[in-house]
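First the structure, in the form of structure tokens, and then the observations on it.
Residue numbers (the working numbering): 21 to 233.
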């Protein structure tokens with residue numbers, strides 16, 4: 021399966037691309053200002069990932085347009101960090117400066133175990149690089165919170181009716197527990213089943229790296 025990765029000019033994007041390739045899909049990377057006027061690329065892939073990046077969702081090229089178009093097509097989409105925030109904005113939410121600014125720090129994420137978070141420890145450790153977040157009192161009715169920090173900061177959302185999810189943290193960080201499993205869960209929802217043995221092996225390799233940090 022081909023997966024469109026919308027690159028929001030971020031240094032982490034190729035770590036995400038590597039994870040996707042390890043799981044067996046073919047990532048197709050386009051920057052947020054390289055997409056065609058009609059977003060024809062969405063018709064050529066089985067899923068879309070909107071990457072992290074600097075700035076606000078409104079400054080992220082055509083990321084919000086891609087999210088809305090994926091929703092119109094019922095196309096599975098995952099937003100990571102800035103991409104997660106853009107999902108909130110796409111349905112009318114407000115993104116503002118987070119009460120806690122974390123860059124390269126870890127937090128415990130408490131979650132409901134659905135969607136991309138299925139099968140993860142409760143709570144699990146996630147790596148955060150962000151100064152903005154979706155303001156909880158503006159969360160669109162179309163979205164539901166699936167993960168939070170202990171202080172209540174939104175860490176994951178999913179659309180109630182569409183195959184669209186977002187995570188504020190970075191699954192591709194070696195300090196995040198279960199990053200490959202999250203992406204494998206997402207791919208399974210898009211119709212691409214990753215063998216459990218492969219998911220476990222990749223997770224074990226990351227855990228071994230983490231032990232050395």
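Yeah, the Cβ is synthetic: ideal placement off N, Cα and C, and Gly gets one too.
Just how far apart, CA to CA, sit residue i and residue j?
| i | j | result |
| --- | --- | --- |
| residue 208 | residue 135 | 9 Å |
| residue 192 | residue 148 | 11 Å |
| residue 162 | residue 48 | 29 Å |
| residue 78 | residue 52 | 12 Å |
| residue 44 | residue 228 | 21 Å |
| residue 1 | residue 114 | This structure does not reach residue 1, given that the chain is present from 21 up to 233, and the question cannot be answered. |
| residue 64 | residue 32 | 24 Å |
| residue 118 | residue 137 | 22 Å |
| residue 144 | residue 196 | 8 Å |
Determine the closest residue to residue i out of the options, with distance taken between C-alpha atoms.
| i | options | result |
| --- | --- | --- |
| residue 171 | 146, 182, 195 and 130 | 130 |
| residue 72 | 104, 153, 167 and 176 | 104 |
| residue 169 | 182, 132, 185 and 179 | 132 |
| residue 217 | 211, 225 and 210 | 225 |
| residue 67 | 54, 91, 96 and 40 | 96 |
Let's test the definition: count the other Cβ atoms within 10 Å of the Cβ of residue i and tell me whether it reaches 16, buried, or not, exposed.
| i | result |
| --- | --- |
| residue 127 | buried |
| residue 205 | buried |
| residue 75 | exposed |
| residue 94 | exposed |
| residue 284 | Nothing about residue 284 can be reported from this structure: the residues present for the chain run from 21 to 233 only. |
| residue 176 | buried |
| residue 215 | exposed |
| residue 185 | buried |
Tell me, please, which residues DSSP counts as bridged to residue i.
| i | result |
| --- | --- |
| residue 236 | A question about residue 236 goes unanswered here, because the residues of the chain that appear run from 21 up to 233. |
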